[in-house]
Amino acid sequence: MATGDSADYGFWKLNRPAFLRRVLERRSPWDLAIVGGGATGIGAAVDAAARGYEVVVLEQSDFGKGTSSRSTKLVHGGVRYLQQGNLSLVIEALKERGLLFQNAPHLVHDLPFVVPNYQWWEAPFYGLGLKVYDLLAGKFGFGRSVLLSREEVLDRIPTLERDGLRGGVLYHDGQFDDSRLLVNLAQTAADHRACLLNYSPVTKLLKDAEGLISGLEFRDEETGLEHRLSARCVINATGAFSDGLRRQDEPDAEPMIAPSQGVHIVLDGSYLPRRTAIMVPHTRDGRVMFAIPWQGHTLVGTTDTPITSPSLEPRPMAGEIDFLLETAAGYLTRRPSRADILSVFTGIRPLVKAGSVANTSSLSREHTITISKSGLLSVVGGKWTTYRKMAEDCIEQAIVLARLEERPCVTRELHIHGWHRDATEPGSLAGYGSDAQFIKSLEAERHDLAEPLHAALPVTGAQVVWAVRAEMARTLDDVLARRTRALFLNVRAAQAMAPAAARLMAQELGKDEAWEQQQLSAFEKIADGFSVAY
Numbered sequence: 001m002a003t004g005d006s007a008d009y010g011f012w013k014l015n016r017p018a019f020l021r022r023v024l025e026r027r028s029p030w031d032l033a034i035v036g037g038g039a040t041g042i043g044a045a046v047d048a049a050a051r052g053y054e055v056v057v058l059e060q061s062d063f064g065k066g067t068s069s070r071s072t073k074l075v076h077g078g079v080r081y082l083q084q085g086n087l088s089l090v091i092e093a094l095k096e097r098g099l100l101f102q103n104a105p106h107l108v109h110d111l112p113f114v115v116p117n118y119q120w121w122e123a124p125f126y127g128l129g130l131k132v133y134d135l136l137a138g139k140f141g142f143g144r145s146v147l148l149s150r151e152e153v154l155d156r157i158p159t160l161e162r163d164g165l166r167g168g169v170l171y172h173d174g175q176f177d178d179s180r181l182l183v184n185l186a187q188t189a190a191d192h193r194a195c196l197l198n199y200s201p202v203t204k205l206l207k208d209a210e211g212l213i214s215g216l217e218f219r220d221e222e223t224g225l226e227h228r229l230s231a232r233c234v235i236n237a238t239g240a241f242s243d244g245l246r247r248q249d250e251p252d253a254e255p256m257i258a259p260s261q262g263v264h265i266v267l268d269g270s271y272l273p274r275r276t277a278i279m280v281p282h283t284r285d286g287r288v289m290f291a292i293p294w295q296g297h298t299l300v301g302t303t304d305t306p307i308t309s310p311s312l313e314p315r316p317m318a319g320e321i322d323f324l325l326e327t328a329a330g331y332l333t334r335r336p337s338r339a340d341i342l343s344v345f346t347g348i349r350p351l352v353k354a355g356s357v358a359n360t361s362s363l364s365r366e367h368t369i370t371i372s373k374s375g376l377l378s379v380v381g382g383k384w385t386t387y388r389k390m391a392e393d394c395i396e397q398a399i400v401l402a403r404l405e406e407r408p409c410v411t412r413e414l415h416i417h418g419w420h421r422d423a424t425e426p427g428s429l430a431g432y433g434s435d436a437q438f439i440k441s442l443e444a445e446r447h448d449l450a451e452p453l454h455a456a457l458p459v460t461g462a463q464v465v466w467a468v469r470a471e472m473a474r475t476l477d478d479v480l481a482r483r484t485r486a487l488f489l490n491v492r493a494a495q496a497m498a499p500a501a502a503r504l505m506a507q508e509l510g511k512d513e514a515w516e517q518q519q520l521s522a523f524e525k526i527a528d529g530f531s532v533a534y
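In terms of the working numbering, the sequence shown opens at residue 1 and continues consecutively.
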């Protein structure tokens, strides 16, 4: 059955055909047109729509296709920024971490970390630093840091390298599922009547007789048709691609982004069997590295490699994978090899350029907002943890620029779609929060949808159907990479379940077998970038 507009799941459903009709039928200007459907753009849409403004979001690919689905899955203050002495950023991030835990407890949970100590000076040095971290968190803290004996460390992480181990420092930070949070934020924006379209790249910025931006043109990738809309303010929230839209506005615009590539590898869960993460405070390239239990697997990352230009499907370099394996091998009794990697993913950090800086790990993740002569408002930089504050700052500027009626920000206490206090522990459906009931109903109606599509992962047919009906999944990649995390967790399992998932999607979307084959072919090419040769 092809999905339509009639199903009612208790919220303004993420229904692409309905949203497209709203755009095409509208004759008056939108208050805000936001270009970019990642954490920055969707966060801004939530802030603006919750204030009562009329908002449309246009994303060139799928929501979170870029950086926003490829993070280290941490909501944290940033121990690295503490080392750099950037206390203001740490304080802001710790506050935002606390607010996010309050507003999305179904997605954000406490995760204990251990900094293993192999030198005599590490316990007092890191112990003191993490006490400062506790102090800066204040009432938003997740738990106090403590010194651990050698035995206590090994009890928490029995797979840790024992030779020379003296003890460790335990501290607490937040963990989340980045792309699931983004979906819930899109639903939150839709709950407040924002209009969101994926697969709608902006092809032209429209300007009035005075040279001021008055709207834009975009292409509907599903039909190939070009459409126009007018807006009182256009916001550039395209992350690592921000300079491209800025050059559409001003061809000679100086670049603002210094893109950096971060790679993560995913191993099986036996490397960290007791839900305690490892934090390596100083790798040979000066970064902090993590080994984290995530959805029954072990996530190791990340690297920091300057690149010349961003792409939607960045690929890891061989040296980056080797670096992660070598660093992990130095801290684990079981040395991982390329054959142990279940998946590898690469994200692009949209770091704000600061003159000529060769080492991007020294660049700040603070955000910057600029307004061009024609009125294009660009918000660049930032990180997932501070997305809400970044959105608030962005919309405050947009209100002034577009001369909108002033309305206060309400997102500090705004429950994100799916809010469910009893879902604080991670599980196969925990990331859906209050929407899990609808997936369970689908499984009860059709028992075939309750079965996992692959023995290695708990992804069911009901999740695929739900992704299409309620979460605007339009491609196989949308479902297996971002609505579920199959591709990020186990690339071979994702490839094996792809035919069954494509068949279910085709039934929901009213597509034919040729569409299924096209989707499978496209997905194989994407999956190749998550695979490791060995």
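Positions of the beta carbon are idealized from the N, C-alpha and C atoms, including for glycine.
Spatial neighbours of residue i within its chain, please: C-beta separation below 6 Å, excluding the five flanking residues on both sides.
i           : result
residue 77  : 90, 93 and 94
residue 13  : 470
residue 347 : 67, 70 and 262
residue 364 : Any reading at residue 364 is ruled out, since the residue's pLDDT is 47, under 50, leaving its predicted position unreliable.
residue 467 : 473, 479 and 483
residue 300 : 265, 291, 324 and 328
residue 183 : 471
Between which two residues does the alpha helix (DSSP H) carrying residue i extend?
i           : result
residue 217 : No alpha helix (DSSP H) holds residue 217; the beta strand (DSSP E) holding it covers 213-219.
residue 327 : 318-329
residue 308 : Here residue 308 belongs to no alpha helix (DSSP H), and DSSP marks it neither H nor E.
residue 294 : That residue, residue 294, is in no alpha helix (DSSP H); its beta strand (DSSP E) goes 289-294.
residue 195 : Not the alpha helix (DSSP H): residue 195 falls in the beta strand (DSSP E), residues 195-197.
residue 457 : It is not in any alpha helix (DSSP H) - residue 457 instead sits in the beta strand (DSSP E) that spans 457-460.
residue 520 : 513-528
residue 43  : 39-50
Is the CB-CB distance between residue i and residue j below 8 Å?
i           : j           : result
residue 453 : residue 500 : yes
residue 47  : residue 411 : yes
residue 32  : residue 318 : no
residue 59  : residue 37  : yes
residue 189 : residue 45  : yes
residue 390 : residue 43  : yes
residue 334 : residue 532 : no
At what residues does the beta strand (DSSP E) containing residue i begin and finish?
i           : result
residue 167 : 167-175
residue 409 : From DSSP, residue 409 is part of no beta strand (DSSP E); its letter is neither H nor E.
residue 149 : 146-149
residue 381 : 377-381
residue 138 : Where residue 138 is concerned, there is no enclosing beta strand (DSSP E), given that its DSSP letter is neither H nor E.
residue 33  : 32-35
Measuring only the C-alpha atoms, how far is residue i from residue j?
i           : j           : result
residue 202 : residue 527 : 27 Å
residue 345 : residue 210 : 45 Å
residue 16  : residue 197 : 6 Å
residue 433 : residue 61  : 26 Å
residue 396 : residue 266 : 39 Å
residue 517 : residue 523 : 10 Å
residue 290 : residue 229 : 44 Å
residue 377 : residue 369 : 7 Å
residue 502 : residue 496 : 11 Å
residue 56  : residue 273 : 44 Å
residue 320 : residue 307 : 13 Å
residue 119 : residue 166 : 7 Å
residue 439 : residue 113 : 33 Å
residue 350 : residue 305 : 12 Å
residue 310 : residue 506 : 32 Å
residue 393 : residue 212 : 22 Å
residue 74  : residue 205 : 35 Å
residue 246 : residue 72  : 28 Å
Which residue or residues does DSSP assign as beta-bridge partners of residue i?
i           : result
residue 204 : 217
residue 226 : 219
residue 117 : 167
residue 75  : 174
residue 277 : 113
residue 419 : Answer is none; residue 419 lacks a bridge partner.
residue 343 : 266
residue 14  : 471
residue 371 : 377
Indicate whether at least one CB of chain D lies closer than 8 Å to the CB of residue i.
i          : result
residue 32 : Absent from the structure: chain D. Only one protein chain is present.
Could you name the residues of the same chain whose beta carbon sits closer than 7 Å to that of residue i, not counting the 5 residues immediately before and after it, in chain order?
i           : result
residue 359 : In this prediction, residue 359 scores a pLDDT of 44, lower than 50, which makes its location untrustworthy; no coordinate-derived value is stated.
Under 8 Å Cβ to Cβ from residue i, same chain only, skipping five residues before and after it: list those, please.
i           : result
residue 244 : 238
residue 143 : 110, 112, 171 and 172
residue 451 : 460 and 461
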